[in-house]
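80 is the number that this note's numbering gives to position 76 of the sequence shown; each next residue is one higher, with no gaps. Input: a single structure, listed below in structure tokens.
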Amino acid sequence: MSPSLTDKQIQHLYWRIGFGISSGHLKSARKLSKDQIIDQLFLESKQYKPLQMNFEALIKKSKDLSREERKELRQLRNNKMNELNILWFNRMVSNEQVLREKITLFFHNHFAVRLRTPRACIHLNNIIRKHALGNFGDMLMEVSKSPAMLLFLNNRQNRKDHPNENFAREVMELFTLGRDKGYTETDIKEAARAFTGWNFNKTGQFIFRKNHHDYGEKTFLGRTGNFTGEDIIKILLEEKQTARYLTTKIYSYLVNENVNQTHIEELTTLFYESNYNLETLLRAIIGSTWFYSLANIGVKIKSPIELMVGLSNPFKIEYKDPKVLLYLQRKLNQMLFFPPNVAGWTGGKTWIDNSTLMLRLKLASVTLNSGVIEWNDNEDIPENMMMRQQMMYRTIKSKLQKKVKATPNWEAFLTTLEQKEKSALINFIIQPELSKSAQALVNKIDSGETKNFVIELMSLPEYQLC
């Protein structure tokens, strides 16, 4: 039997492959070995469950509508995008198939698409979800043929007489090899020719338009032939650099942004020789001993979604107006389905800036205390103006207020806590070691009132790390 994990290591595992762990779940996991916990995680996420929505109201031809009706249709699409966002957020909060959802979140950023087309967006999201624990090559092929990707990277306009290089460039730079990793501008042009004719019909089904395809001979990555788009993707998968690029990104996401090259090369070979089996790669990472080393615990800044979901789940928070979730995502700079560009969110230290720091530190108190968040929406506040921001926070009037109106289930949270003394709560809620200043602050807080103490802990800078 594999060794058991410490509580801190179990929490580390569940933050990295999910969004944290409840006290009750931790108690159950403690009884299992590391291998048993990992097997259980994969078993719980084995079944693919797509997100589902009704889009019947959107099935209209714009050319048959009046100006006012077209405006109403656009608004309806926007509402459906909001609905889709909240639907996925709630799926993550539910803790159902947590491993599959966490990897779906990773690939949501890897295949970053920004559209206001809800049917195409949910379709792409479900493709990623379906393959999240399966084969990356299958995911890449299906994503490449999805309406969302064909729309976003203009491949519908890619025709033999007027080739469009957008998708060909990004499939190498962002999806497989990585920027400037072994391909040339000529390779991009030749690949673009191979992807000509890729399109989809009115129902969203992929179609190959023969009349738009360039059937001429192409030379790509040193190979010559009458290549199709499928051939280009297969050639890219034959390049070990693709496995290395994916492995490095996943390692940075799950383990540490400061990558260990020895680990990367070992994992790359394993991933490549498994024919891009994602479960094989993930098991190797979370089954290793180095994954649980102190150097990798509490060193990753939580993304806004990780922060919000990790806060919502243990308290079973209900929001009077779910749209506040969209507001918070927007203010924290990570709105699901709206990455900043095709390269996605940079992550890491870029999650923290003058406009997000205060909200991050106040999020627990306003969410768990039925509070009010107040902002000055001026985006041009100079750096090093925290004192001024704090004054603004206290003085801004009601017209700039946003009420969270959240109802946390404190009873459910408190009844599952095994221990309520100060040290136990710190170890459960905070992943990294407390700084001296944080420790001094915590020492002054009365832990007799568990609610307030928990909120204070979640308001520390250390809570931003996992």
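By construction, the Cβ of each residue, glycine as well, lies at the ideal position given by its N, Cα and C atoms.
Which residue's Cα is closest to the Cα of residue 340: 417, 80, 444 and 92? What you label residue 340 is simply residue 336 of the sequence shown in a count that begins at 1. Minimum Cα distance to residue 340 is reached at 92.
Can you tell me the Cβ-Cβ gap for residue 30 and residue 302, rounded? I've got them flagged as a contact below 8 Å. One-based indexing of the sequence shown puts residue 30 at position 26. One-based indexing of the sequence shown puts residue 302 at position 298. Residue 302 and residue 30 do not touch by the CB rule: their CB atoms are close to 16 Å apart, not below 8 Å.
Just curious, the alpha helix (DSSP H) that residue 92 is in, first and last residue? In the sequence shown, counting from the first residue as 1, residue 92 sits at position 88. That run of the alpha helix (DSSP H) goes 71 to 97.
What span of residues does the alpha helix (DSSP H) with residue 104 cover, start to end? Taking the sequence shown and counting its residues from 1, the one referred to as residue 104 is at position 100. Taken as a continuous stretch (DSSP letters only), the alpha helix (DSSP H) holding residue 104 covers 102 to 114.
Is residue 342 near residue 27, with beta carbons less than 9 Å apart? Residue numbering aside, residue 342 sits at position 338 when the sequence shown is read from its first letter. Residue numbering aside, residue 27 sits at position 23 when the sequence shown is read from its first letter. Going by C-beta atoms, residue 342 is not nearer than 9 Å to residue 27.
Per-residue burial, residue 452 [other beta carbons within 10 Å of its own, 16 or more giving buried]: Within the sequence shown, numbered from 1, the residue matching residue 452 stands at position 448. So residue 452 ends up on the exposed side.
Spatial neighbours of residue 125 within its chain, please: C-beta separation below 8 Å, excluding the five flanking residues on both sides. Residue numbering aside, residue 125 sits at position 121 when the sequence shown is read from its first letter. These residues qualify, in order along the chain: 85, 88, 117, 119, 152 and 341.
Go through its chain and collect everything with a Cβ distance to residue 102's Cβ below 6 Å, but skip five positions before and after it. On the sequence shown, position 98 is the one that residue 102 refers to. Cβ within range, chain order: 22.
Using a threshold of 9 Å, state whether the C-beta atoms of residue 4 and residue 249 are closer than that. Within the shown structure, residues of the chain are numbered from 5 to 470, placing residue 4 beyond reach of any answer.
Taking only the alpha-carbon atoms, compute the straight-line gap between residue 357 and residue 205 and give it to the nearest angstrom. Taking the first residue of the sequence shown as 1, we reach residue 357 at position 353. Taking the first residue of the sequence shown as 1, we reach residue 205 at position 201. Distance between the alpha carbons of residue 357 and residue 205: 43 Å.
Name the DSSP beta bridge partners of residue 323, please? Residue mapping note: residue 323 aligns to position 319 of the sequence shown, counting from 1. Answer is 410, bridged to residue 323.
If we cut at 9 Å on Cβ distances, does residue 266 have a partner in chain B? Note that chain B does not occur in the displayed structure, where there is just one protein chain.
Contacts around residue 129, its chain only, beta-carbon distance under 6 Å, and the 5 residues preceding and following it disregarded: For this step, residue 129 is matched to residue 125 along the sequence shown. Nothing meets the Cβ criterion.
Thinking residue 240 and residue 181 are a contact (beta carbons under 8 Å), I'd like their distance in whole angstroms, please. Taking the sequence shown and counting its residues from 1, one reaches residue 240 at position 236. Taking the sequence shown and counting its residues from 1, one reaches residue 181 at position 177. So it is a contact: roughly 7 Å between Cβ atoms.
Under the three-state reduction of DSSP, which class applies to residue 349: helix, strand or coil? Looking up residue 349 in the sequence shown gives position 345. The answer is coil: DSSP assigns residue 349 none of H, G, I, E or B.
Closest to residue 238 by CA distance: which of 175, 217 and 425 is it? Here residue 238 is taken as the residue at index 234 of the sequence shown, counted from 1. Residue 238 has its Cα closest to that of 175, out of 175, 217 and 425.
Helix, strand or coil: which one does DSSP assign to residue 222? On the sequence shown, position 218 is the one that residue 222 refers to. Three-state result, residue 222: strand.
Okay, do the region 60 to 77 and the region 286 to 298 touch, 3+ Cβ pairs below 8 Å being the bar? Counting C-beta pairs closer than 8 Å gives fewer than three between the region 60 to 77 and the region 286 to 298, which falls short of the contact rule.
Quick check on residue 219: buried or exposed, where buried means 16 or more other Cβ atoms within 10 Å of its Cβ? Within the sequence shown, the letter at position 215 stands for residue 219. Burial call: exposed.
Local conformation of residue 183 per DSSP, three classes: If you number the sequence shown from 1, residue 183 lands on position 179. DSSP places residue 183 in coil when its eight states are reduced to three.
Would residue 466 pass as a contact of residue 435 if the rule is Cβ separation under 9 Å? Numbered from its first residue, the sequence shown carries residue 466 at position 462. Numbered from its first residue, the sequence shown carries residue 435 at position 431. Contact: yes.
Report the option in 156, 214, 366 and 259 whose CA atom is closest to the CA atom of residue 346. On the sequence shown, residue 346 is found 342 positions in, with the first residue counted as 1. Looking at the Cα atoms, 156 is the closest of the given residues.
For the beta strand (DSSP E) containing residue 227, list its first residue and its last residue. Within the sequence shown, residue 227 is the residue found at index 223, counting from 1. Where residue 227 is concerned, the enclosing beta strand (DSSP E) stretches over 227 to 229.
Assuming residue 19 is part of the alpha helix (DSSP H), what are its boundary residues? In the sequence shown, counting from the first residue as 1, residue 19 sits at position 15. Residues 11 to 20.
Based on Cα-Cα distance, which residue from 170, 179, 409 and 159 lies nearest to residue 144? Working through the sequence shown from its first residue, we reach residue 144 at position 140. The residue with the shortest Cα to Cα distance from residue 144 is 179.
The alpha helix (DSSP H) that contains residue 254, what's its start and end? If you number the sequence shown from 1, residue 254 lands on position 250. 244 to 258 is the span of the alpha helix (DSSP H), which, as asked, contains residue 254.
Measuring CA to CA, which of 164, 215 and 177 is closest to residue 196? Residue 196 sits at position 192 when you count from the first residue of the sequence shown. If we check each option's Cα against that of residue 196, 164 comes out closest.
Within 8 Å, do at least three Cβ pairs link the region 39 to 47 to the region 68 to 75? With the cut-off at 8 Å, the region 68 to 75 and the region 39 to 47 do not touch.
Keeping to the same chain, check which residues put their C-beta closer than 6 Å to that of residue 316; ignore five residues upstream and five downstream. Within the sequence shown, the letter at position 312 stands for residue 316. Around residue 316: 97.
How about residue 290 and residue 20: do their beta carbons lie closer than 9 Å? One-based indexing of the sequence shown puts residue 290 at position 286. One-based indexing of the sequence shown puts residue 20 at position 16. Against a cut-off of 9 Å, the Cβ pair of residue 20 and residue 290 comes out as a contact.
Residue 140 beta carbon less than 9 Å from that of residue 154: One-based indexing of the sequence shown puts residue 154 at position 150. One-based indexing of the sequence shown puts residue 140 at position 136. No, they are not a contact pair.
If contacts are defined as beta-carbon pairs under 8 Å, then residue 321 and residue 411 qualify, I think. What distance do you get, rounded to the angstrom? As a working mapping, residue 321 is identified with position 317 in the sequence shown. As a working mapping, residue 411 is identified with position 407 in the sequence shown. Right, their Cβ atoms sit about 7 Å apart.
Distance, Cα to Cα, residue 15 vs residue 168? As a position in the sequence shown, residue 15 is number 11, starting the count at 1. As a position in the sequence shown, residue 168 is number 164, starting the count at 1. If you take the alpha carbons of residue 15 and residue 168, they lie about 47 Å apart.
When we look at the beta-carbon of residue 352 and count the other beta-carbons within 10 Å, is it buried (16 or more) or exposed? Reading the sequence shown from its first residue, position 348 is the one you call residue 352. Burial check for residue 352: the Cβ neighbour count within 10 Å stays below 16, so the residue is exposed.
Enclosing alpha helix (DSSP H) for residue 358 [first to last residue]: Counting from one through the sequence shown, the residue named residue 358 turns up at place 354. Segment 358 to 372, the alpha helix (DSSP H) holding residue 358.
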